[in-house]
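Chains A and B, in that order, are what the protein sequence lines are. Under the numbering used here, the first residue of the first sequence carries the number 1114, and numbering increases by one thereafter. Under the numbering used here, the first residue of the second sequence carries the number 1114, and numbering increases by one thereafter. Here a beta-carbon is modelled for each residue, glycine too, at the ideal position from N, C-alpha and C. Beneath this line is the structure, given in structure tokens, with notes to follow.
There are 2 protein chains.
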Amino acid sequence: MIGNGPEPEILSYSRPKESDVPHNLNEEAFLRDYDPAVYKRPNCTVDTVIFKVIDSELYVLINKRQAYPFKGCWALVGGFVDLEQDKNLEDTARKKLLEKTAVKTPYLEQYATVGNAWRDPRGWSITTVYFALIAADELELEAPREAWPTRWARIEGAGIGENLAFDHDALLAGCLKRLRDKAQYTSLPIHLLNGSFTLGELQKVYEIVLDKSLEGKSFRRRLLAAGILETTGEFSYESKRPARLYRYKKEPGPHVFMRNLEGSGRGGKNV
Amino acid sequence: MIGNGPEPEILSYSRPKESDVPHNLNEEAFLRDYDPAVYKRPNCTVDTVIFKVIDSELYVLINKRQAYPFKGCWALVGGFVDLEQDKNLEDTARKKLLEKTAVKTPYLEQYATVGNAWRDPRGWSITTVYFALIAADELELEAPREAWPTRWARIEGAGIGENLAFDHDALLAGCLKRLRDKAQYTSLPIHLLNGSFTLGELQKVYEIVLDKSLEGKSFRRRLLAAGILETTGEFSYESKRPARLYRYKKEPGPHVFMRNLEGSGRGGKNV
DNA sequence: TTTTTTAATGGCTCTAAGCCATTTGATAAG
DNA sequence: CTTATCAAATGGCTTAGAGCCATTAAAAAA
Chain A
1114 MIGNGPEPEI
1124 LSYSRPKESD
1134 VPHNLNEEAF
1144 LRDYDPAVYK
1154 RPNCTVDTVI
1164 FKVIDSELYV
1174 LINKRQAYPF
1184 KGCWALVGGF
1194 VDLEQDKNLE
1204 DTARKKLLEK
1214 TAVKTPYLEQ
1224 YATVGNAWRD
1234 PRGWSITTVY
1244 FALIAADELE
1254 LEAPREAWPT
1264 RWARIEGAGI
1274 GENLAFDHDA
1284 LLAGCLKRLR
1294 DKAQYTSLPI
1304 HLLNGSFTLG
1314 ELQKVYEIVL
1324 DKSLEGKSFR
1334 RRLLAAGILE
1344 TTGEFSYESK
1354 RPARLYRYKK
1364 EPGPHVFMRN
1374 LEGSGRGGKN
1384 V
Chain B
1114 MIGNGPEPEI
1124 LSYSRPKESD
1134 VPHNLNEEAF
1144 LRDYDPAVYK
1154 RPNCTVDTVI
1164 FKVIDSELYV
1174 LINKRQAYPF
1184 KGCWALVGGF
1194 VDLEQDKNLE
1204 DTARKKLLEK
1214 TAVKTPYLEQ
1224 YATVGNAWRD
1234 PRGWSITTVY
1244 FALIAADELE
1254 LEAPREAWPT
1264 RWARIEGAGI
1274 GENLAFDHDA
1284 LLAGCLKRLR
1294 DKAQYTSLPI
1304 HLLNGSFTLG
1314 ELQKVYEIVL
1324 DKSLEGKSFR
1334 RRLLAAGILE
1344 TTGEFSYESK
1354 RPARLYRYKK
1364 EPGPHVFMRN
1374 LEGSGRGGKN
1384 V
């Protein structure tokens, strides 16, 4: 489903039989004469909120704008949709993400699209916002490929402690809320880990995202019952008692639990 | 939150102090000389899947295309974003919806945005898809305001029994899935009713959307415990025993229940 | 050997869903 | 007038899964 995990966009569509469509024979001629300049079109961009856990805290990747408008301001990772290079919107998101992080296979989900006349001083513009989860131990960018700076900004509350270019503060806040909402009832945060991990480590990641501590017994029961993990047979000896290591069984999308975590502000409330 | 109910888009953003932004003083000059024609831009449209319950079945509004491409084919309600008239994307959706249905205040939610090089034969195009819920007893369009036909198509399974223009089949299927998913854990389907209604009527609407029968006791308990309904004091005498009438307490967004309806194919599965 | 620390389990309560029989209040049929 | 019928509404159970908290387990540190 669109907007709920990485997956190919719709690749084909079908048309009714020609005989059912009046004047369809003229469509070819119409397209030959089609002038793309007749309507004014908005600027179209893609912005991605890239989340990562570093030292038990949640971070977002931002970079300094090197061009007008908002030159010199910090902004989300993103850019214009390139009609020549990009086949679809997700291509744009992945391209920019790869440029900044060298991560090829993040969890990538479409969050929403904001389009209006005032968000960009250049005029009517549309941005489709994605968010990505990348694993803590993912390879960092070896050397900065670009001259302008990129950095991880720590999440505090509903955002980072500073203003971003355009409406990016609000876009970030929205993605953060979506991530936290989904952590209440899906296995989404698992994508912030890679390879094998202990249940303790996974619980810690949930706690970092949700910014509250969870009850260990419930957490283990919930995740083991979901059947989305498998033991590697190995153990982690990082802490006192050795802990069993698990890996994520690759699934087409996040697991959805039957119940929300309680006392969370989700149940009984409005979205 | 964007994409989860009708609400205003972000209205303002803030910038860092000018002193913190290098060369910011030149931004005005940059904007004065800005040439919007330097980048190629995609076509931008908004399509809306309008749902309504008629005679105990779920329907979508479609209309026949009067222009190329796909002239004469049935398609979702939608059209180009008009940079002069529309202040934002939701404006476009509401304008088109009002044109076709005369309904001013539907439940309107952004579903997703699809943008790629192949969905429109005219080339790279982006469509932002909304879905709307309108009440069964909502005023129908008095007289057809337009020459080309519009009709309600019955939902069967994952769509209607015929092909639509462009990728509209897939867009419809996606919205339908979203609606059904949300019916499992939110009060969303309540927007398919208006004014006062009995719990039996509300349950029927859920059953139509979910295409399965629900257990009466659980349904009543769930909805009454949610605290989103209030009694009108009136009774409905439509069936044998009089039934208490309720109205929906207007809330900022749909109520989210702590648990999903069971045996639904949602719990324990992937989105 | 004892203490400390984290992993993992046992066993309870509690909430809300499923299930199904029963009661209630009206109309329809005899 | 009495009885049958039917949907509305309730009672009272079982069940799944979350919260809570004490206990046991396995290792390192003291």
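In terms of residue numbering, what span does the alpha helix (DSSP H) encompassing residue i cover?
i                       : result
residue 1318 of chain B : 1312 to 1323
residue 1299 of chain A : Where residue 1299 of chain A is concerned, there is no enclosing alpha helix (DSSP H), given that its DSSP letter is neither H nor E.
residue 1212 of chain B : 1202 to 1214
Quick check on residue i: buried or exposed, where buried means 16 or more other Cβ atoms within 10 Å of its Cβ?
i                       : result
residue 1267 of chain A : exposed
residue 1367 of chain B : buried
residue 1261 of chain A : exposed
residue 1219 of chain A : buried
residue 1306 of chain A : buried
residue 1365 of chain B : exposed
residue 1135 of chain B : Confidence in residue 1135 of chain B is poor, its pLDDT being 48 and thus under 50, which makes the residue's placement unreliable; the coordinate value appears in the next sentence. Its Cβ having fewer than 16 others within 10 Å, residue 1135 of chain B is exposed.
residue 1142 of chain B : exposed
residue 1214 of chain B : buried
residue 1302 of chain A : buried
residue 1205 of chain A : buried
residue 1181 of chain A : buried
residue 1209 of chain B : buried
residue 1319 of chain B : buried
residue 1243 of chain B : buried
residue 1247 of chain A : buried
residue 1226 of chain B : buried
residue 1222 of chain A : buried
residue 1353 of chain A : exposed
residue 1147 of chain B : exposed
residue 1167 of chain A : exposed
residue 1264 of chain B : exposed
residue 1355 of chain A : exposed
residue 1217 of chain A : exposed
Could you check whether residue j and residue i sit closer than 8 Å to each other, using their CB atoms as the reference points?
i                       : j                       : result
residue 1370 of chain B : residue 1357 of chain B : no
residue 1139 of chain B : residue 1235 of chain B : no
residue 1397 of chain B : residue 1272 of chain B : In the structure displayed, chain B extends from 1114 to 1384; residue 1397 of chain B sits before or after that span and is not available.
residue 1241 of chain A : residue 1228 of chain B : yes
residue 1245 of chain B : residue 1300 of chain B : no
residue 1173 of chain B : residue 1159 of chain B : no
Would you mind reading off the limits of the beta strand (DSSP E) that contains residue i?
i                       : result
residue 1239 of chain A : 1238 to 1246
residue 1160 of chain B : 1156 to 1167
residue 1307 of chain A : Looking at the DSSP string, residue 1307 of chain A is not in any beta strand (DSSP E), and its letter there is neither H nor E.
residue 1175 of chain B : 1170 to 1177
residue 1266 of chain A : 1263 to 1267
residue 1222 of chain B : 1220 to 1229
residue 1194 of chain A : Residue 1194 of chain A -> no beta strand (DSSP E), and no H or E assigned at all.
Can you determine whether any heavy atom of the ligand PLP sits closer than 7 Å to the C-beta of residue i, and answer yes or no?
i                       : result
residue 1167 of chain B : Of ligands this structure carries none, so the ligand PLP is not represented either.
Which runs of the alpha helix (DSSP H), 4 residues or longer, sit entirely within the region 1317 to 1372 of chain A?
At a cut-off of 4 residues, the continuous stretches assigned as alpha helix (DSSP H) that sit fully inside the region 1317 to 1372 of chain A are 1329 to 1339.
Tell me which residues of the region 1220 to 1238 of chain B have at least one Cβ-Cβ distance to chain A shorter than 9 Å, keeping chain order.
1223, 1224, 1225, 1226, 1227, 1228, 1229, 1230, 1231, 1232, 1234, 1235, 1236 and 1237
Chain B contacts from the region 1191 to 1222 of chain A (Cβ-Cβ distance under 7 Å)
So the list reads 1193, 1194, 1196, 1200, 1201 and 1202, given in the order they occur along the chain.
Determine which residues of the region 1158 to 1186 of chain B have a Cβ less than 8 Å from any Cβ of chain A, and write them out in chain order.
1181, 1182, 1183, 1184, 1185 and 1186
If contact means a Cβ-Cβ distance below 8 Å, which residues of the region 1350 to 1376 of chain B contact chain A?
Against chain A - using a Cβ distance shorter than 8 Å - the residues of the region 1350 to 1376 of chain B are 1364, 1365, 1366, 1367, 1368, 1369, 1370, 1371, 1372, 1373 and 1375.
Members of the region 1307 to 1334 of chain B near chain A, C-beta cut-off 7 Å
none
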